[in-house]
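Pasting the structure below:
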C-alpha cells in the first residue's frame, strides 16, 4: 500500500516516522520543506507539493493545525481532492470542525474517493512512539483497509461511527474534558491555597489518591509551578478547540455551561497577551481572580 | 490507648470495625443503638450516650452526616466537649463547614482538649477495608499521637496544615473536583450522543485511554446507564458539599465559576424531586437540557 | 435624490412606507413580490430584481433578516454591489455580523460606492411611524448626505463611529442588553413566585417604580402571562443576535459571561422545539428550572 | 399614634425626619447618639436605648444595616421584642434575609406583638423627601393601621403578601435586578469600547432611546466615568444582597445563573481590595477582563 503523509508538525512528524520505521512506502510533504529531511533520512520520499504526494497514493494522511490549513491542503485547487485517484482514501487526523469534516466527506464522496476522520489523542512523544489513541469514523470497509496503518500509529483504534464527523466530535469533546480538568484544578488550588494549604502538597495528595492520572499530574504540576512556557499546546489552539466544541453544541443544540466558562478564560488570557502560553494557563486565572497572583 | 467512636453510619461503621479488628480498646456510640450490635460483636463496648462513650477515652473519633449532627454531638450540653477529659483528643472525620471546624477548634482549646480535623476520601467499602485516604490538620504532636490509629483506618494520611479547618477545606475542594468530573462527563456525553455516538462506547473510549481512572469509570457508567438509584451519596449531601465549598470561597474571597454551575444543577434536581438520587444525577441534566432525555 | 429600498419585511415595509409618505422618489424590491403592493399603492415604483431597483439610485437601503440574506442581496453576482453606480450609497439597516459589515464596506469601497451601516432600534410599529432610533456609522460626508432620509425614518440618528461595523456592534450590544433584561426578569419572577408572591403584582410593582420602562413592561408582561405566541421576534432571531454579540466578543477578546448564559437559554429552548416562540420565552426557563412550570 | 424610629443611618435619618415633619409623636434612637441631634431639632424625642424608645410606642420602625444589627436591636435581651408592649407593631424596613424576617415574625407573634416587613426602594434623597417606594407584607389589619405612617414615608406602598418575609424577598429580588443592570452595562460597554466606540456617547445613545431610565443613566454614568468613590452603596452591601438573594434561591430551590455571576464579581472586587467602592464597580470588571483597564 502506497502511503502519503501531509503535515509534519510536532504530531505529524512523529506519526510519519512510525510509518517509515514500519518499512512502509511513504511519501511526505510539508510546506516548510526542511521538516521533511528527518523523514527522508528514515526512508520516506519527499514531495514538493500536494499533487506529487498524492500521485499514485492509496492512502493519504493529513495532520495539520486547523481548519484553514486543512481546507487549503484538501479542498483548494492544489489540494488532495484534486489529485487523489478515485478509490484512494484520505485519512484526516487533524482536529477540525464538524462542518469542515462534513464538507470533506461530501467533497471526497463526489470525487469517488474515500474519506475517514481519524483524530488522535496523545502528545508528540506518544505520536513518535506509535502510542497514540486513534478515534476513527467513516465507512467500515475503509477503516478495515487502513487498519494496518492505524495499528502502526497508535496503541488502539476506537471506531465510533459510520459518520466521519463523529470522530471529530469525539475529539473535540475530549479536549473539552481536558480543559475542564485544568479549570477545576485551577479553582480548587486557588481555594485551598488562599486558605493556607501549600498547592504542591495539595496536588501530591490529589494525584496519589483519587486523581492518580497523568492528566491531573501534568497539568496540575504546571499550574502549581505557575510555569506555562514553553507551550506544549498553545492558548490559541486550546481556545480553538473549545470554540469548535461550542460550535458543535450550537449546531446540535446542546447547552454546555462549563464550556462557556472555558471560553471566557481563553478570551481573558488572550486579551492580556497570553498567546504564547500553554493552554493550561487558564488554570492560573482562578488564583488571579482571588488576588493570589501578580496581575498580568 | 482508649478509643471511642461516635457515629456508625455507612462510613463510621466500617472505620470503627477496623479499630476493633486491630484489637484496640474501642467504645462505640450511635443514636440508633441497633447499629452498635455488629461492632459489639467485634469486641467493642457499646455506650448509651456520648458521655459514656467519652468516659476515660484518650481519643474520640466522630463521623457524622453534617454540621447539625456534629454540632449536636460535639458542642451541645450533652456533647463531647462536656465529657472529654482535658488532654484527650477529638478527631473529627465528618465533612463539615470551615466555620464549624473553627468553632470546634476554639471550643476544645478552651476546654483544654485536643482537636484534629481528619476528613477522609473513599467509599464505605474502602472504609471497611482500612483503605481510606485521610487528610489531617492540626497540632503536629496530636497528629503524631493518633497516627497509629489513623494507620489502621487508611492507606495513607496526608498532613496538610497546622490549622484544623484546612483539612476540611481540602476535603470540600476534593468533593468539588469530583462533582466537576460528573458535570463535565454529563456535558461531553450529551454532546456526542446528540451527534449520534453511543455513550457507552464513548465512555469506554475515554476510560481506557486518557481518563483511565475509577472516578471516571464509576460515575461515567452511572450517567451512561441513567441509573441513579439507589444512591451511594445522595443529592442533598452532594449539594451540601458544593454549598460548603462555595461558602469557603466566599469567606476566602475566591470566585469559583464551576462551583456556581454545580450549585444550580443541584437546585434544579431538587426542585424536580431528585432528593433520593445519587449526586451524579447532575450529570444527566446536560442531556435533558439538550432535549435528549425524558423530562423529570 | 433617487432612493431604493430592498427588503419589505415587517420592519422594511414600514420604513419604505415612511419614505413614500415623505413624497420621495422610491423604488422598492422584495423577493416575494406581493409585499410590494402596499408600497406601490403609496407611490413607490416596484422593481422585479435588485438590478432594476439599483438602476439610477443615489441611495439604496437594505433591510433583511440575516447575514445570508444580506450577502445574497448585496454581494452575489445579482447583488447591489454589481448594479449600484459608483458614488451612490448603500445604507445597510439589517442586524448583521461585524464580519459581514466589514466585508460589505470593503466590497463597496473597491467598487467606488459608498457604504453606511445604519441598524435601527424599535419595533414594526415604530418603523411604520418613522419613530425608530437609528445608529449610523461610516464616512461623515455620506452620513450627511443621507441624513434627510434618516430623519424621515427615525426620531433620532446616533452617529457612533467612522467605521461602519461599529454601528452593527452597537446594535448587537443593544439586543444583548434587551436579552439580559428578559433573563433577569425571568430569574427574579421565578424567585418571588416560588416564595408565594403573585408575579403580575410583582411586575406592576417593578414597572411602576424603579423599572418604569416599556422594555420591562412589555417583556415582563409576556413572561408573567406565559404567552410567547405569536412571536414578535422569534427565538432563532434572538439566538442569532446573541451569537453575533458573542462572535464580536470573541473577535475583540471580550469575555461576556451574561451572554454565555443567554446562549444556553436559546439552545435549550430550541432543543425543546421552541423555534416559533417569541425570544422572551427564555424568560420562562428560570421558572421551569425551579419546577414551577409544566415541562416543555 | 406614638411612633419610635430605631436606626438613623443615611436612609433612616431621612425617613425619621419625614415623620417629624408630619408633626407625629416620634422618639428616635441610634447607637451613635450624635446622629439623633438633627431629629431632635425637628421635634423628636431622643432615647438613650431601645427600651426607652419602645416605652409606650404603638409602632416602632427599624432601619438598620444588616442581619447582625437587626438581630441585636430586635431579638437580643435589650431588643425591641423585650420592650415593645403587646399589641404594638414592629415595622422592619431593613434589607435582611428571609430567615431573619421569619425569625422576627415568629418572635413577635409569640410575644403578642405585631410584625410587618416593609423594606424600601429608593436612595437617601428619596427617603428624605418622603418619596420612597415601600414594599409591605404581613397581616392586612396591621398594614391598614400603619398605612398613614407609610404614606408619610413613601410615594406608594405595595402590599405583596400576608407573609412578612415575602416583602424581603421582593426587596432582595429588586436589588438583584439592579445588579444585573450594572453587570450587563459593564459587559456591553466593554464590548463596544474595545471595538472603538466611545462609551459616554454609547451610554447617551442607550439612555435617550430604549433605556431611558435613571437606573441606567446613573449607574451607566459611573461605569463610563470609572468613578466609584465615594460609594453611595458600598461593595460589601451589594455583595450581601446578592448573597441573600442566592440564599433565598437555595432555600426555595430556584437556580439563578445571573446571580452566580454577580456573586463572583463581588468576590473578585473584594479580593482586590475594593471594599470602599460603590457596588456598581462590578461594572468595571468586564472591561478589565478584556484588557481595557489598568489592573487593580
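Protein chains in written order, with the numbering used here: chain D, 198 to 493; chain U, 198 to 493; chain W, 198 to 493; chain R, 198 to 493.
Where a beta carbon is used, it is the ideal one built from N, C-alpha and C, also for glycine.
This one's a predicted model, so the numbers in the text were calculated from it and none came from an experiment.
Of the candidates U:332, U:368, U:372 and U:342, the residue whose Cα lies closest to the Cα of residue 353 of chain U is U:332.
With the criterion set as a beta carbon lying under 8 Å from some beta carbon of chain W, the members of the region 347–360 of chain R are 353, 355, 357, 358 and 360, in sequence order. With fewer than 16 other Cβ atoms inside 10 Å of its own Cβ, residue 473 of chain D counts as exposed. Remark: fewer than three beta-carbon pairs, one from each stretch, lie closer than 8 Å, so the region 460–468 of chain W and the region 345–365 of chain W are not flagged as touching. Look at residue 434 of chain U: its C-beta is not under 8 Å from any C-beta on chain D. Spanning the alpha carbons of residue 220 of chain D and residue 255 of chain D requires a straight line of approximately 16 Å.
Taking one beta carbon from each stretch, the region 473–489 of chain D and the region 230–238 of chain U have fewer than 3 pairs nearer than 8 Å; the two do not touch.
With distances taken between CA atoms, residue 280 of chain D lies nearest to D:250 out of D:250, D:259 and D:260. Nearest neighbour of residue 275 of chain R by Cα position, chosen from R:284, R:246 and R:400, turns out to be R:246.
For the region 435–456 of chain R, the beta-carbon criterion of a distance under 8 Å to any beta-carbon of chain W is satisfied by 442, 445, 446, 449, 450, 451, 452, 453, 454, 455 and 456.
The alpha-carbon separation between residue 297 of chain D and residue 489 of chain U amounts to approximately 25 Å. Comparing alpha-carbon positions, the option among R:389, R:292, R:286 and R:317 lying closest to residue 338 of chain R turns out to be R:286. Following the DSSP letters along the chain, one finds residue 463 of chain W inside the alpha helix (DSSP H) bounded by residues 454–468. Identification of chain W residues near residue 487 of chain R by a Cβ-Cβ cut-off of 8 Å yields 449, 450, 451 and 452, ordered along the chain.
For residue 331 of chain U, the secondary structure class from DSSP, reduced to helix, strand or coil, is strand.
For residue 404 of chain W, the enclosing alpha helix (DSSP H) starts and ends at 396–405.
Judged by DSSP secondary structure, residue 376 of chain U falls within the alpha helix (DSSP H) whose first and last residues are 362–392. Here residue 290 of chain D really is in contact with residue 259 of chain D; their C-beta atoms are around 7 Å apart, less than 8 Å. The C-alpha of residue 447 of chain W is placed about 41 Å away from the C-alpha of residue 284 of chain D. Per the coordinates, the alpha-carbon of residue 302 of chain U lies some 33 Å from the alpha-carbon of residue 228 of chain R. Sorting U:374, U:206 and U:389 by C-alpha distance to the C-alpha of residue 443 of chain D places U:389 at the top. Under the Cβ distance rule, residue 468 of chain U counts among the residues neighbouring chain W, one pair being separated by less than 8 Å.
In the structure shown, residue 414 of chain D adopts helical secondary structure according to DSSP, grouped into three states.
At least one CB of chain W lies nearer than 8 Å to the CB of residue 465 of chain D.
Between residue 374 of chain R and residue 408 of chain W, the C-beta spacing is below 8 Å. Around the beta carbon of residue 451 of chain R, a 10 Å sphere encloses 16 or more other beta carbons of the protein chains shown; the residue is thus reported as buried. As the crow flies, the alpha-carbon of residue 313 of chain W is around 11 Å from that of residue 306 of chain W.
When 8 Å is used as the limit between beta carbons, residue 461 of chain R is near these residues of chain U: 452, 453, 454 and 457, in chain order. Taking a 10 Å sphere around the C-beta of residue 465 of chain R, we find 16 or more other C-beta atoms and assign the residue as buried.
Taking a contact as a CB-CB distance under 8 Å, the pair residue 445 of chain W and residue 295 of chain W counts as one, their CB atoms being some 5 Å apart. Counting the other Cβ atoms within 10 Å of the Cβ of residue 265 of chain D gives fewer than 16, which makes it exposed. For residue 250 of chain W, there are no C-beta contacts with chain R under 8 Å, since the nearest C-beta of that chain is about 30 Å from it. The CB of residue 297 of chain W never comes closer than 7 Å to any CB in chain R; the least such distance is about 15 Å. Nearest to residue 392 of chain D by C-alpha distance, out of U:299, U:346, U:380 and U:415, is U:299.
Within chain R, the residues 370, 373 and 374 have their CB atoms less than 7 Å from the CB of residue 385 of chain W, given in chain order.
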